[in-house]
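Undergrad:
2 protein chains.
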Amino acid sequence: MCAPAGFLASGVACGIKGESKLDLALVCSDTPAGVAGVFTTNEIKAAPVLLTAERAAAGVARAVIVNSGNANCMTGDQGVEDALAMAVAAEKALNIPEGQALVASTGPIGNYLPMDSVSRGIAQAAAELSSGGNSDAAKAIMTTDTYPKELAVEMELDGITVRMGAMAKGSGMIHPNLATMISVITTDMPVPPDALQSYLKRACEWSFNRISVDGDESTNDTVLMLANGAAFPEGHQMTQAQEDLFFRSLCWLTGNLAMSLVKDGEGSSKLLRIVVNGARDDIEATAVARAIGNSNLVKCAFYGSMPNWGRVAAAAGSAGVPLDPSKMDIFLGEHRVASLGQPSEYDSHALEMILKRDEVEITVELGIGKGSAYFLTSDLTTEYVEINAFEKS
Amino acid sequence: MCAPAGFLASGVACGIKGESKLDLALVCSDTPAGVAGVFTTNEIKAAPVLLTAERAAAGVARAVIVNSGNANCMTGDQGVEDALAMAVAAEKALNIPEGQALVASTGPIGNYLPMDSVSRGIAQAAAELSSGGNSDAAKAIMTTDTYPKELAVEMELDGITVRMGAMAKGSGMIHPNLATMISVITTDMPVPPDALQSYLKRACEWSFNRISVDGDESTNDTVLMLANGAAFPEGHQMTQAQEDLFFRSLCWLTGNLAMSLVKDGEGSSKLLRIVVNGARDDIEATAVARAIGNSNLVKCAFYGSMPNWGRVAAAAGSAGVPLDPSKMDIFLGEHRVASLGQPSEYDSHALEMILKRDEVEITVELGIGKGSAYFLTSDLTTEYVEINAFEKS
Numbered sequence: 001m002c003a004p005a006g007f008l009a010s011g012v013a014c015g016i017k018g019e020s021k022l023d024l025a026l027v028c029s030d031t032p033a034g035v036a037g038v039f040t041t042n043e044i045k046a047a048p049v050l051l052t053a054e055r056a057a058a059g060v061a062r063a064v065i066v067n068s069g070n071a072n073c074m075t076g077d078q079g080v081e082d083a084l085a086m087a088v089a090a091e092k093a094l095n096i097p098e099g100q101a102l103v104a105s106t107g108p109i110g111n112y113l114p115m116d117s118v119s120r121g122i123a124q125a126a127a128e129l130s131s132g133g134n135s136d137a138a139k140a141i142m143t144t145d146t147y148p149k150e151l152a153v154e155m156e157l158d159g160i161t162v163r164m165g166a167m168a169k170g171s172g173m174i175h176p177n178l179a180t181m182i183s184v185i186t187t188d189m190p191v192p193p194d195a196l197q198s199y200l201k202r203a204c205e206w207s208f209n210r211i212s213v214d215g216d217e218s219t220n221d222t223v224l225m226l227a228n229g230a231a232f233p234e235g236h237q238m239t240q241a242q243e244d245l246f247f248r249s250l251c252w253l254t255g256n257l258a259m260s261l262v263k264d265g266e267g268s269s270k271l272l273r274i275v276v277n278g279a280r281d282d283i284e285a286t287a288v289a290r291a292i293g294n295s296n297l298v299k300c301a302f303y304g305s306m307p308n309w310g311r312v313a314a315a316a317g318s319a320g321v322p323l324d325p326s327k328m329d330i331f332l333g334e335h336r337v338a339s340l341g342q343p344s345e346y347d348s349h350a351l352e353m354i355l356k357r358d359e360v361e362i363t364v365e366l367g368i369g370k371g372s373a374y375f376l377t378s379d380l381t382t383e384y385v386e387i388n389a390f391e392k393s
Numbered sequence: 394m395c396a397p398a399g400f401l402a403s404g405v406a407c408g409i410k411g412e413s414k415l416d417l418a419l420v421c422s423d424t425p426a427g428v429a430g431v432f433t434t435n436e437i438k439a440a441p442v443l444l445t446a447e448r449a450a451a452g453v454a455r456a457v458i459v460n461s462g463n464a465n466c467m468t469g470d471q472g473v474e475d476a477l478a479m480a481v482a483a484e485k486a487l488n489i490p491e492g493q494a495l496v497a498s499t500g501p502i503g504n505y506l507p508m509d510s511v512s513r514g515i516a517q518a519a520a521e522l523s524s525g526g527n528s529d530a531a532k533a534i535m536t537t538d539t540y541p542k543e544l545a546v547e548m549e550l551d552g553i554t555v556r557m558g559a560m561a562k563g564s565g566m567i568h569p570n571l572a573t574m575i576s577v578i579t580t581d582m583p584v585p586p587d588a589l590q591s592y593l594k595r596a597c598e599w600s601f602n603r604i605s606v607d608g609d610e611s612t613n614d615t616v617l618m619l620a621n622g623a624a625f626p627e628g629h630q631m632t633q634a635q636e637d638l639f640f641r642s643l644c645w646l647t648g649n650l651a652m653s654l655v656k657d658g659e660g661s662s663k664l665l666r667i668v669v670n671g672a673r674d675d676i677e678a679t680a681v682a683r684a685i686g687n688s689n690l691v692k693c694a695f696y697g698s699m700p701n702w703g704r705v706a707a708a709a710g711s712a713g714v715p716l717d718p719s720k721m722d723i724f725l726g727e728h729r730v731a732s733l734g735q736p737s738e739y740d741s742h743a744l745e746m747i748l749k750r751d752e753v754e755i756t757v758e759l760g761i762g763k764g765s766a767y768f769l770t771s772d773l774t775t776e777y778v779e780i781n782a783f784e785k786s
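For the protein sequence lines, the chains are A and B, in the order given.
For the first sequence, my numbering gives the first residue as 1, with consecutive numbering after it.
For the second sequence, my numbering gives the first residue as 394, with consecutive numbering after it.
(1) For B:G639, which option in B:D740, B:A596 and B:V668 has the closest C-alpha, if you only look at C-alpha atoms?
(2) Would you say A:E81 reaches chain B, if we count a Cβ-Cβ gap shorter than 8 Å as a contact?
(3) Tell me the DSSP secondary structure of A:E266 in three-state form.
(4) Does any residue of chain A bring its CB to less than 8 Å from the CB of B:T774?
(5) Give every residue of the same chain whose Cβ lies closer than 6 Å to the Cβ of B:Q517, excluding the five residues on either side of it in the sequence, and list them in chain order.
(6) Can you list, in chain order, the residues of its chain with a C-beta nearer than 6 Å to that of A:C2? Leave out the 5 residues immediately preceding and following it.
(7) Report the three-state DSSP secondary structure of B:P569 (helix, strand or coil).
(8) Using a beta-carbon distance below 8 Å, is A:M74 in contact with chain B?
(9) Give the residues from the stretch 481-504 of chain B that approach chain A closer than 7 Å (Cβ to any Cβ), ordered along the chain.
(10) For A:P114, decide whether its Cβ has a neighbour in chain B, counting only Cβ atoms nearer than 8 Å.
(11) 8 Å is my cut-off, CB to CB: does B:N435 come that close to chain A?
(12) Do A:G6 and A:V35 come within 8 Å of each other at the CB atom, strictly closer than that value?
(13) Here's the rule: buried if 16 or more other CB atoms are within 10 angstroms of the residue's CB, otherwise exposed. What is A:D281?
(14) Can you name, in chain order, every residue of its own chain whose Cβ lies under 7 Å from the Cβ of A:G107, other than the five neighbours on each side?
(15) Strictly under 8 Å for the Cβ-Cβ distance: is B:E779 near chain A by that measure?
(16) From what residue to what residue does the alpha helix (DSSP H) around B:S510 run?
(17) Give the straight-line distance between the Cα atoms of A:D30 and A:R62, rounded to the nearest whole angstrom.
(18) List the residues of chain B that A:L309 touches, going by C-beta distances under 9 Å, in chain order.
(19) Between the C-alpha atoms of B:V584 and A:G341, what's the straight-line distance to the nearest angstrom?
(20) Determine, using beta carbons only, whether B:C693 comes closer than 8 Å to chain A.
(21) Decide if A:N95 is buried, meaning its Cβ has at least 16 other Cβ atoms within 10 Å, or exposed.
(22) Output the distance between the C-alpha atoms of B:I437 and A:K299, rounded to the nearest integer angstrom.
(23) Among A:S372, A:V360 and A:I368, which one has its Cα closest to the Cα of A:S378?
(24) Touching or not, the stretch 74-91 of chain A and the stretch 682-690 of chain B, by the rule of three or more beta carbon pairs under 8 Å?
(25) Give a yes or no on whether the minimum CB-CB distance between B:F851 and chain A is below 8 Å.
(26) Name the residue from B:L617, B:G469, B:M699 and B:A476 whose alpha carbon lies nearest to the alpha carbon of B:T433.
(27) Please report whether the beta-carbon of B:S741 lies at a distance below 8 Å from any beta-carbon of chain A.
(28) Using a Cβ cut-off of 8 Å (strictly closer), state whether B:T612 contacts chain A.
(29) In angstroms with no decimal places, state the Cα-to-Cα distance between B:S719 and A:M115.
(30) Would A:A104 and A:L22 qualify as a contact pair, given that the criterion is a beta-carbon distance under 8 Å?
(31) Could you tell me if A:M167 is buried or exposed, where buried requires 16 or more neighbouring beta carbons within 10 angstroms of its beta carbon?
(32) Which of helix, strand or coil does DSSP assign to B:P441?
(33) Just the C-alpha distance for B:V757 and A:L355, rounded to the nearest angstrom, thanks.
(34) Within 8 Å of any Cβ in chain A, is that where the Cβ of B:G671 sits?
(35) Just the C-alpha distance for B:V681 and A:S212, rounded to the nearest angstrom, thanks.
(36) When the cut-off is 8 Å and only beta carbons count, does B:G686 lie next to chain A?
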C-alpha cells in the first residue's frame, strides 16, 4: 500500500487479540484522496460498515483504520459509538479533518470492542506510520489467514510512473456478494470519486465477486480504495487511454488478490477453477458456475481427488437455470469425462495425476448458447471443519 | 410398507453394489392403486425420474422398483432405455399391465446400469415378495445411510382400521427443494389420485422440504405414494373428517421420516432445530430459517458445541430478506444469547451443557412481524467431509 507516492502505513498490537499479536492497521495519505467503497449486502451490517459507507459516499478521505479480532457487529448503539470513536481517535492522532478517517473491523461477531486498548493502539499506529509499514499493516488485519496478502503494480502513463498497492484478508465467510473480505487499495493516480467508485465496483465484480470459500456472506465485507493523485501535478486530467490502463491494472490487482484469498481459504488444499461455457447468456453461466463452486459435495470430491463429475452435473442442474443434459460436456483438466450427457472414456491414470495438483480446472460446456463465466473456489476439507468447529475465530 | 392391507415387498442383492449387499427393492399392491409423486426440481433429472413422473401423472400404479448403488443419471438414451427396461421387467415378472410399474434409482451419477444383473434381480424380487419383505426393501434402498428408515401409522376411521406405511433413504445430497431423497409410502385408504397428489405435495412441503444435510439437491429425488383402498369396500367415498385425519397422519409420517433422515445425515453428530419467529411473513421466516440451516459456519460451530451466535446472525442477514438487527433476539436452547441486536449475559456453563446435547434448538426472534418457520439440519463434521472425499458414494 505504500508503493504509490504519498501513502504511509503501520500495524500495531493493541491487545484485542491478546498474545501481542498485530491487530490494528492504519493507512494514511499525505493529502486528501478520492475514495471509493464496496460493502457487504448482508442485512446485518457491522457498525463500521454503516459508518464507513456513509463517509466513503462523501468522496474524500485521508486514512483507513482496520482492526482484527473483533467485528464490532451485533453490538447495537455501543458498537456505533465505538466505530465513530475509532474514527475520531484517528483524526485527532493524525490531525486531519473530521469525517476523513474510515473504519473497518473483522473478527468474531457479538463482542464489544475494548476501546481503551483500541484508542491507545490508534495513537501508537499514528506515531509509527512509515513508508515501510505496509507489511505490518497487512499482518494486522489477518484473522484465520495463514499469510498476509499484499500486492502492488506499476504503470507507465505517458512517461509518468503511477503505482497501485493493496492489502487484503480472507479467509472464511467468503462468498460472492460484493466484497467478501476486507481490502484496502491505494493509488497515486488522480481519479475523481465517481469514476473511482465505478472502476472499483466493476473490478470487484470480476474478482472478489467470483470467489467462494464456504458460501457464507460476512457482515463486515469492505473494499476501500484511496486515490491521492500524488503521481501527477494537481489538476491533471486523465486521458481515456490512461484510464483504460488504470482500470486494467486495477482488475489485475483485484483478480490476483481474489485468487490469493481462495488459495488461503480456511483449510484449503487446492484451488478449483470453474469455467462454464455455452450458456444462454453470461448471467446464466455465472449462476451455474457459482452453484458448482458452492457445492459442498463437489468441494469434498476434489479434496479427495475423486473424478466424481456427477456431482458437478447435479450442482449445475440445481442453479435454477434451464439446462439440457443431452448437450452437456464436462472436462476435468483437459480430460473430457462426460460427453453429451453421458460418461466418456478417459485415461484414469492421467486424470488422477491432474486431480492431485494444487489447482484443478473444471469446465462445463452447456452447448445451448454463447454465455461464459468463471468462478474460483477452494476444496472443502476436514481442516476447514476443524478450524470452524474448534477454533475461536 | 406392508402394514396397509394388500401390499407386499421384497429386497434382494442383484450385484449393483457388489459384496452381496441388498440393492434392489420391490413394493407391490395386490390391486391397482392411486398414485402420487413428488420429484426433484434439479434441471439434470435422472432417467427413472423422467419415466416415473410421466407414469405417476396417469394416476394408477401397481408396483415400485427401486435400486441403490447407481443413479442412472447422465446416462443419455441408454439410461432412458434401461429405466424403461426395469419397469417392463417388473411388469412381466408381476404380470401387471404395461405402464403400472414405477422406477426409482439412487447412487453415484454417470454410470450405466448393469442391466443383466438388474433384470435377474427384478425377477428374484418378484418371486420373493412377501408381507414381511418391507425391512429388506428398506435396507436395499440405503446408500450412505447408517440404518434403514421405516415407519407405519394406524388410524381408526369410523370403526375401520386404516394403515399407512413408508420407507425412506437419505443421507447426503439432502436439500429442500421438493423431495430431497427417495421414499415410498403405501396406504390402504381409498384416495383418488388428484386428492392424493395434493395431500402428498402439502405433506412434503412441511417435512422433506424443511430439511437439509449439505445443501446439495439431488438429481434423483423421488417421493411416491400408492393408495389401494383395500381397507374399505370398493367405491367407498371418504368423508371430510376422514380425509382430515388421513392428512394429519400423512404429515406425522413424513415429518418423522424427514427427522430421521437429518439425524442420519452423513457424518451428523447432532440435530439442529431452527425456529424463526417475528418475520414479516411465513415465506420470509422460511428464507431466514433455511439460510441459517444451510450455513456451513453455523453447522461447524454446533459440531464444536461453540455458542457462536454471531454466525447465526450473519447467516440470517444473508437470506435476502430485510431485517432490523436492533430488534433481533437469538436463543440457544432456552438461553437468550443476543437481545435487541446486542450480546446478552447468559450462564455459560448451563449453555455448554445444552450445546453438547444431540438435539439443539436455535431460535431467532426477528421482532418485525408475525411470520414463523422451522427447519431441521445436521451439523457439519469432519466425518461428513471424509465420507464425501474418500468414500465412493
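C-beta atoms are modelled at their ideal positions from N, C-alpha and C, and glycine is treated no differently.
Fair warning: this is a prediction, and the values are worked out from it, not measured in the lab.
TA: Well, looking at it:
(1) Here the question's residue 639 of chain B lines up with position 246 in the second sequence. Note that residue 639 of chain B is Phe in the sequence shown here, rather than Gly. The option with the nearest alpha carbon to B:F639 is B:A596.
(2) Taking the first residue of the first sequence as position 1, residue 81 of chain A is located at position 81. No - not a single Cβ of chain B is within 8 Å of the one on A:E81.
(3) Looking up residue 266 of chain A in the first sequence gives position 266. It is coil, neither helix nor strand.
(4) What you label residue 774 of chain B is simply residue 381 of the second sequence in a count that begins at 1. It does: the Cβ of B:T774 has a partner Cβ on chain A nearer than 8 Å.
(5) For the purposes of this step, residue 517 of chain B is taken as the residue at position 124 of the second sequence. These residues qualify, in order along the chain: V405.
(6) As a position in the first sequence, residue 2 of chain A is number 2, starting the count at 1. If we look at A:C2 and ignore the five residues flanking it on each side, its Cβ neighbours are A9, S131 and N134.
(7) For this step, residue 569 of chain B is matched to residue 176 along the second sequence. Here B:P569 scores only 41 on pLDDT, less than 50, and its place in the model is too uncertain to base an answer on.
(8) Counting from one through the first sequence, the residue named residue 74 of chain A turns up at place 74. For A:M74, the answer is yes, since a Cβ of chain B falls inside 8 Å of its Cβ.
(9) Hits within the stretch, in order: P501, I502, G503 and N504.
(10) Along the first sequence, read from residue 1 onward, the residue named residue 114 of chain A stands at position 114. Chain B, which has no Cβ nearer than 8 Å to the Cβ of A:P114, makes this no.
(11) Within the second sequence, the letter at position 42 stands for residue 435 of chain B. True, the Cβ-Cβ gap to chain A drops below 8 Å.
(12) As a first step, residue 35 of chain A must be located in the first sequence, where it is residue number 35. As a first step, residue 6 of chain A must be located in the first sequence, where it is residue number 6. No, the pair does not count as a contact, with Cβ atoms beyond the cut-off.
(13) Along the first sequence, read from residue 1 onward, the residue named residue 281 of chain A stands at position 281. So A:D281 counts as exposed.
(14) Taking the first residue of the first sequence as 1, we reach residue 107 of chain A at position 107. Contacts found: S68, G69, N70, A71 and T143.
(15) Within the second sequence, numbered from 1, the residue matching residue 779 of chain B stands at position 386. So, interface residue.
(16) As a position in the second sequence, residue 510 of chain B is number 117, starting the count at 1. Annotation: the continuous alpha helix (DSSP H) that includes B:S510 extends over M508 to A520.
(17) As a position in the first sequence, residue 30 of chain A is number 30, starting the count at 1. As a position in the first sequence, residue 62 of chain A is number 62, starting the count at 1. If I take the Cα positions, the gap works out to 7 Å.
(18) Indexing the first sequence from 1 puts residue 309 of chain A at position 309. Looking at the sequence itself, residue 309 of chain A is Trp, so the reference to Leu does not match. Those are M467, I502 and G503, listed as they occur along chain B.
(19) Stepping through the second sequence from its first residue, residue 584 of chain B is reached at position 191. Stepping through the first sequence from its first residue, residue 341 of chain A is reached at position 341. Inter-residue distance for B:V584 and A:G341 is about 38 Å (C-alpha atoms, whole angstroms).
(20) For the purposes of this step, residue 693 of chain B is taken as the residue at position 300 of the second sequence. In terms of beta-carbon proximity, B:C693 lines the interface with chain A, with at least one pair separated by less than 8 Å.
(21) Stepping through the first sequence from its first residue, residue 95 of chain A is reached at position 95. Classification of A:N95: exposed, given that the 10 Å Cβ count is below 16.
(22) Working through the second sequence from its first residue, we reach residue 437 of chain B at position 44. Working through the first sequence from its first residue, we reach residue 299 of chain A at position 299. So the two alpha carbons sit approximately 19 Å from each other.
(23) As a position in the first sequence, residue 378 of chain A is number 378, starting the count at 1. Considering only alpha carbons, the answer is A:V360.
(24) The stretch 74-91 of chain A is not in contact with the stretch 682-690 of chain B.
(25) Beyond the ends of chain B as shown, which are 394 and 786, falls residue 851 of chain B; an answer cannot be given.
(26) Position 40 of the second sequence, counted from the start, is the residue given in the question as residue 433 of chain B. Measuring from the Cα of B:T433, the nearest candidate turns out to be B:L617.
(27) Mapped onto the second sequence, residue 741 of chain B falls at position 348. No, no contact with chain A.
(28) Here the question's residue 612 of chain B lines up with position 219 in the second sequence. So, interface residue.
(29) The residue you call residue 719 of chain B lines up with position 326 of the second sequence. The residue you call residue 115 of chain A lines up with position 115 of the first sequence. Near 21 Å, if we compare the C-alpha coordinates of A:M115 and B:S719.
(30) In the first sequence, the residue the question calls residue 104 of chain A occupies position 104. In the first sequence, the residue the question calls residue 22 of chain A occupies position 22. For A:A104 and A:L22, no; Cβs fall outside 8 Å.
(31) As a first step, residue 167 of chain A is located in the first sequence; it is residue number 167 there, counting from the start. Burial call: buried.
(32) Residue 441 of chain B sits at position 48 when you count from the first residue of the second sequence. If DSSP states are grouped into helix, strand and coil, B:P441 belongs with the helices.
(33) Against the second sequence, residue 757 of chain B aligns to sequence position 364. Against the first sequence, residue 355 of chain A aligns to sequence position 355. Cα-Cα distance, rounded: 42 Å.
(34) Mapped onto the second sequence, residue 671 of chain B falls at position 278. Chain A, which has no Cβ nearer than 8 Å to the Cβ of B:G671, makes this no.
(35) Against the second sequence, residue 681 of chain B aligns to sequence position 288. Against the first sequence, residue 212 of chain A aligns to sequence position 212. B:V681 and A:S212 have their C-alpha atoms some 21 Å from each other.
(36) In the second sequence, counting from the first residue as 1, residue 686 of chain B sits at position 293. Cβ-Cβ to chain A under 8 Å: no for B:G686.
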